[in-house]
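For reference, the structure is listed below as structure tokens.
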Amino acid sequence: MHPINDNAGTIARTAAISPLLLSHQLLSLAEDAHRAGMPASAARLLRLAHSVCSDKPSRR
Numbered sequence: 050m051h052p053i054n055d056n057a058g059t060i061a062r063t064a065a066i067s068p069l070l071l072s073h074q075l076l077s078l079a080e081d082a083h084r085a086g087m088p089a090s091a092a093r094l095l096r097l098a099h100s101v102c103s104d105k106p107s108r109r
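In terms of this note's numbering, the sequence shown is residues 50 to 109.
Structure below.
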């Protein structure tokens with residue numbers, strides 16, 4: 050599939066994404082996965098969100 054606007058593809062490839070924003074989006078997806086009854090996916094998303102900011106969750 051080709052993008053409708055070639056400039057949009059260029060901007061998407063060159064724009065920097067904030068680790069904080071990416072982490073927030075991953076946490077939101079983890080919450081949605083948990084609510085949808087997918088705990089394994091939620092746990093993977095949570096680990097990924099923590100790894101984006103190099104934040105290690107504490108083991109309990």
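For each residue, glycine too, the CB sits at the ideal point set by N, CA and C. These numbers come from a predicted model, not from an experiment.
Cβ-Cβ distance between residue i and residue j below 8 Å
i   : j   : result
A98 : S90 : no
A85 : L95 : no
Close beta carbons around residue i, own chain, < 6 Å, minus the five adjacent residues each side
i   : result
H51 : Low confidence applies here, because H51 scores a pLDDT of 48, under 50, leaving its location unreliable and the question unanswered by this model.
Close Cβ partners of residue i (< 8 Å) along its chain, the five nearest in sequence each way excluded
i   : result
A65 : none
P68 : V101 and C102
DSSP state of residue i mapped onto helix, strand, coil
i    : result
S103 : coil
Residue i classed as buried or exposed, judged by whether at least 16 other C-beta atoms fall within 10 angstroms
i   : result
L70 : exposed
Through-space distance from residue j to residue i, alpha-carbon basis
i    : j    : result
C102 : S72  : 7 Å
M87  : S100 : 20 Å
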